[in-house]
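Residue numbers (the working numbering): 8 to 249.
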């Protein structure tokens, strides 16, 4: 499934520190202009003289002469494809793929046809609705893997509950009980909750649940199991077509 969007508002930022010239942007000069943040990649785009610059989970566009940086979504008006969202999908897929599943709380068969990674909040109403149907997702061939995203941040009750779930002797049971509103033993241990929360913020998660599909596409909000299965099948067919 190729992301398509209406044309967004774009804006330009002058960056005098970058060297002007006909050649592609120099990496060292670009890094200096970005306050020492070295881009992970500088790629050509379909637009002549415009380069895609990836800095962490952020995507920028740089003019060939290194003078202008553009923030916003790059749209192909002929196809209505959102090229920036395609790039974001790749970043999300790469970031989620780098996480050890042992640091997630997972439900469903390991050999399920599809795997969806979900940023979740223990106290989120729609997160609880999704989890109440966790067996249905498994029946539809979907393995659900949870990452922690306590929306209120560190020091909140939801954050502490997430830590207790991840530190429980049986995290799956603790997750289910916590999402039912039951009290679970307060526990602490070395855990990935803060790191996962920070990752979610960097990937553009603004609410929960936020579902990350296998291709890195982010689907915000609760999605019924059969509808999610259809979306996953559609994206799989689209990937073969590409």
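We put the beta carbon where it would ideally sit given N, CA and C, even for glycine. Computed from a predicted model, the values in this text were never measured in an experiment.
Check, Outcome
"Contacts around residue 152, its chain only, beta-carbon distance under 6 Å, and the 5 residues preceding and following it disregarded", "111, 113 and 124"
"Beta strand (DSSP E) runs contained entirely in the stretch 95-171, provided each spans 3 or more residues", "112-114, 121-127 and 149-155"
"Residue 204 to residue 180 span [Cα, whole Å]", "21 Å"
"Cβ-based burial, residue 217 [other Cβ within 10 Å; buried from 16]", "buried"
"Whole-angstrom distance between residue 193 and residue 186, CA atom to CA atom", "15 Å"
"Unbroken alpha helix (DSSP H) run spanning residue 50, endpoints", "Here residue 50 belongs to no alpha helix (DSSP H); instead the beta strand (DSSP E) covers 48-51."
"Sequence-distant residues of its chain with Cβ nearer than 6 Å to residue 103 (five each side left out)", "124 and 219"
"Inter-residue spacing [alpha-carbon to alpha-carbon] between residue 91 and residue 141", "32 Å"
"Beta-carbon proximity of residue 147 to residue 236, cut-off 8 Å", "yes"
"8 Å Cβ shell around residue 232 - same chain, five flanking residues per side excluded", "140, 143, 144, 146, 147 and 149"
"N-terminal and C-terminal residue of the alpha helix (DSSP H) that residue 204 is part of", "200-209"
"Whole-angstrom distance between residue 157 and residue 190, CA atom to CA atom", "17 Å"
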